[in-house]
Amino acid sequence: MQVKSIKLKNFRNYEQALIEPDAGVTVFTGQNAQGKTNIIEALHLCCLGRSHRTPRDEELIRWGCDDALVRTQTVQRDGTHEVSILLSKKQKRKKTVRIGARQAERIGELLGHVCGVLFSPEDLMIIKSGPAERRRFIDMELSQLRPAYFYALQRAQRALNQRNALLREIAREPAREPALAGTLDMWDEQLAVCGGEIAENRREAVAALSACAQEAHAALTDGRETLSVRYVSQAAEAEKPAEKLLERLRAARSEDLRRMTTTVGVHRDDLYITINGKEARTYASQGQQRSAVLSLKLAQLELAERERGEAPILMLDDVMSELDPGRRRQLIERIDRVQTFVTCTDLSDLAGARQGAVYRVESGTLNREK
Ligand SMILES: Nc1ncnc2c1ncn2[C@@H]1O[C@H](COP(=O)(O)OP(=O)(O)OP(=O)(O)O)[C@@H](O)[C@H]1O
Ligand SMILES: [Mg+2]
Numbered sequence: 119m120q121v122k123s124i125k126l127k128n129f130r131n132y133e134q135a136l137i138e139p140d141a142g143v144t145v146f147t148g149q150n151a152q153g154k155t156n157i158i159e160a161l162h163l164c165c166l167g168r169s170h171r172t173p174r175d176e177e178l179i180r181w182g183c184d185d186a187l188v189r190t191q192t193v194q195r196d197g198t199h200e201v202s203i204l205l206s207k208k209q210k211r212k213k214t215v216r217i218g219a220r221q222a223e224r225i226g227e228l229l230g231h232v233c234g235v236l237f238s239p240e241d242l243m244i245i246k247s248g249p250a251e252r253r254r255f256i257d258m259e260l261s262q263l264r265p266a267y268f269y270a271l272q273r274a275q276r277a278l279n280q281r282n283a284l285l286r287e288i289a290r291e292p293a294r295e296p297a298l299a300g301t302l303d304m305w306d307e308q309l310a311v312c313g314g315e316i317a318e319n320r321r322e323a324v325a326a327l328s329a330c331a332q333e334a335h336a337a338l339t340d341g342r343e344t345l346s347v348r349y350v351s352q353a354a355e356a357e358k359p360a361e362k363l364l365e366r367l368r369a370a371r372s373e374d375l376r377r378m379t380t381t382v383g384v385h386r387d388d389l390y391i392t393i394n395g396k397e398a399r400t401y402a403s404q405g406q407q408r409s410a411v412l413s414l415k416l417a418q419l420e421l422a423e424r425e426r427g428e429a430p431i432l433m434l435d436d437v438m439s440e441l442d443p444g445r446r447r448q449l450i451e452r453i454d455r456v457q458t459f460v461t462c463t464d465l466s467d468l469a470g471a472r473q474g475a476v477y478r479v480e481s482g483t484l485n486r487e488k
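Numbered by our numbering, the letters in the sequence shown go through residues 119 to 488 in order.
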């Protein structure tokens, strides 16, 4: 996949901008707080319909403006794709997605038109933080590759919210439990069906990811370290995860009623990441964690390429300066084949990488230097 152009209008600190990236590496360089990450964020918005930094779209609209626009054109094996995202403060529809000239009914229709892997310093959270970050990591990957997965996630979230609301309602008025039990049964079933679909996808994806990441990590560490990722789920081992989840939801009902929350489901899943058999979150050093994340990202890139039959774009926000020269070289070698967007404050961080296009970023303006 190739991004041919990115157009911004009133997006973050940009009034107007047009980027025509190189087929290889496009670099955005400049001092802090000038607008480098904002461009990566715009690309991410086109990949997944949301920012990687905030769940609140309004923050993306330039201060003092009512609307923001991001438009990208990509070329893929099947032809040209154009995606536009219009964010609005005042209009009833806060986010409008257009695929070509057609307005999309659902955000999910956006997925796949721009497919990318982002690597930023905050990704260390995948190792260090709680299970939610790790679920987000695998969910973002799978959503881009399989829109049906994205819709299953949405349905599961809705069912979970409804079930929790019902649990609270019954807690307030216990006498209504018999009358509401049937509705609770229905949400149990919905949660189990969507959860089963999610679990099957995650299980398969994590197995593939683990194999790829292990290989990447062995190369990064000259064979000294074995990285492994295991899917942890209440339904992980079950042949039919949906059945297992339903059984466990039923068994947990009285406990859930007491706690007023759903204790069973894929919203409790986690990834267990180890280096040489020891949990990375607890035992890995800062440098080991950084390498592990890099290996995961390289694996993500490879899986996306394998599944789609063409490489996604790669976005590297501020990561070069964080890697030691050896790892940087490994990364540069591996990104040779994919269209890459890199931000840095110092061009010397990219020594050794092809720099097809270089944009200097200064308070929301872009000047192409190369
Ligand atoms: N909605 C907005 N409207 C106008 N400006 C904004 C908006 N949101 C953020 N900014 C400005 O954008 C700038 C930050 O942009 P960005 O995060 O892209 O910086 P950066 O160049 O990546 O910096 P660093 O090197 O520190 O990562 C900040 O100065 C911030 O005040
Ligand atoms: Mg930045």
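For every residue, glycine included, the Cβ atom is placed at its ideal position computed from N, Cα and C.
{"Asked": "Residues near Glu491 in its chain [Cβ-Cβ closer than 7 Å; skip 5 each side]", "Found": "A question about residue 491 goes unanswered here, because the residues of the chain that appear run from 119 up to 488."}
{"Asked": "Expected contact under 8 Å - CB spacing of Leu327 and Ala429 to nearest Å", "Found": "Their Cβ separation, rounded to whole angstroms, is 16 Å, which puts Leu327 and Ala429 out of contact at 8 Å."}
{"Asked": "Distance between Ile431 and Thr483 (C-alpha atoms, nearest Å)", "Found": "23 Å"}
{"Asked": "Straight-line gap, Gln404 to Gly218 (C-alpha atoms, nearest Å)", "Found": "44 Å"}
{"Asked": "Short Cβ contact (8 Å threshold) for Val411 with Ile244", "Found": "yes"}
{"Asked": "Minimum C-alpha distance to Gln152 - residue among Lys207, Asp184, Glu487 and Arg478", "Found": "Arg478"}
{"Asked": "Straight-line gap, Arg445 to Ser413 (C-alpha atoms, nearest Å)", "Found": "10 Å"}
{"Asked": "8 Å Cβ cutoff met for Ile124 and Leu161", "Found": "yes"}
{"Asked": "Inter-residue CB distance, Thr381 and Ala370 (contact presumed, cutoff 8 Å)", "Found": "5 Å"}
{"Asked": "Contacting residues, own chain, Cβ-Cβ under 6 Å from His199 (five flanking each side not counted)", "Found": "Thr192 and His231"}
{"Asked": "Span of the alpha helix (DSSP H) around Glu322", "Found": "Glu295 to Leu338"}
{"Asked": "Test item, CB below 5 Å from any non-hydrogen atom of ligand 1", "Found": "Arg130, Asn131, Asn150, Ala151, Gln152, Gly153, Lys154, Thr155, Asn156, Arg180 and Trp181"}
{"Asked": "Length of the line joining the Cα atoms of Glu251 and His385", "Found": "12 Å"}
{"Asked": "Pick from Gln209, Lys208 and Leu204 that is closest to Arg216, judged by C-alpha positions", "Found": "Leu204"}
{"Asked": "Beta-carbon proximity list for Asn394, same chain, < 8 Å, skipping 5 on both sides", "Found": "Glu343 and Thr344"}
{"Asked": "Nonlocal neighbours in the same chain, by C-beta distance under 6 Å from Asp436, ignoring five residues either side", "Found": "Pro239 and Thr461"}
{"Asked": "Three or more C-beta pairs below 8 Å linking the region 446 to 461 and the region 353 to 364", "Found": "no"}
{"Asked": "Heavy atom of ligand 2 within 7 Å of Asp303 beta-carbon", "Found": "no"}
{"Asked": "Residues near Gln406 by beta carbon distance below 8 Å, same chain, minus five either side", "Found": "Glu343, Ile393 and Ala398"}
{"Asked": "Cβ-Cβ distance between Arg180 and Arg130 below 8 Å", "Found": "yes"}
{"Asked": "Same chain, Cβ closer than 6 Å to Leu434, neighbours up to 5 away in sequence not counted", "Found": "Phe237 and Val460"}
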